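Enquirer: Residue numbers (this note's numbering): 19 to 122.
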């Protein structure tokens with residue numbers, strides 16, 4: 019997997035900004051979108067939870083996933099953070115080259 023998009027939900031804008039700034043400044047991600055207004059309904063420790071969250075959409079190279087997961091876990095307040103990766107199977111050549119150029 020040469021390129022990927024990583025999804026990560028966060029509880030608030032401050033956590034999202036800290037993760038986004040860390041990943042981009044360390045050249046682990048080319049771009050992180052912070053999408054507000056999510057309602058997440060999930061099961062946690064035997065209870066159904068309903069929380070407002072934000073979604074981070076992280077664009078990067080697949081070989082950086084492990085480093086990104088580690089960086090997120092150092093910042094993220096959740097006991098079990100959502101950190102999932104999806105492959106980018108195709109995309110604009112210029113955009114994909116930009117991802118390579120700005121990540122390490």
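No residue lacks a Cβ here, since even glycine has one placed at the ideal position from N, Cα and C.
Nothing here was measured: the structure is a model prediction, and the numbers come from that model.
Within 8 Å, do at least three Cβ pairs link the region 99-106 to the region 32-52?
Expert: Short answer: they don't touch.
Enquirer: Would you tell me roughly how many angstroms separate the C-alpha atoms of residue 58 and residue 122, rounded to the nearest one?
Expert: Position 40 of the chain shown holds residue 58. Position 104 of the chain shown holds residue 122. Residue 58 and residue 122: Cα-Cα distance of roughly 33 Å.
Enquirer: Between the region 80-93 and the region 54-71, do three or more beta carbon pairs fall short of 8 Å?
Expert: No, the region 80-93 does not touch the region 54-71.
Enquirer: State the Cα-Cα distance for the pair residue 96 and residue 25, rounded to the nearest angstrom.
Expert: Taking the chain shown and counting its residues from 1, one reaches residue 96 at position 78. Taking the chain shown and counting its residues from 1, one reaches residue 25 at position 7. If you take the alpha carbons of residue 96 and residue 25, they lie about 15 Å apart.
Enquirer: Return the chain-ordered list of same chain residues with a C-beta closer than 8 Å to the C-beta of residue 37, the five sequence neighbours on each side being excluded.
Expert: Along the chain shown, read from residue 1 onward, the residue named residue 37 stands at position 19. Closer than 8 Å at the Cβ level, and outside the excluded window around residue 37, lie 26, 28, 50, 74, 89, 90, 93, 94.
Enquirer: So, using beta-carbon positions, are residue 52 and residue 79 closer together than 8 Å?
Expert: The residue given as residue 52 occupies position 34 in the chain shown. The residue given as residue 79 occupies position 61 in the chain shown. It is not a contact, given that the beta carbons lie outside the stated cut-off.
Enquirer: Could you give the distance in angstroms between the alpha-carbon of residue 21 and the alpha-carbon of residue 110?
Expert: For the purposes of this step, residue 21 is taken as residue 3 along the chain shown, with counting starting at 1. For the purposes of this step, residue 110 is taken as residue 92 along the chain shown, with counting starting at 1. Using only the alpha carbons, I get a separation of about 12 Å.
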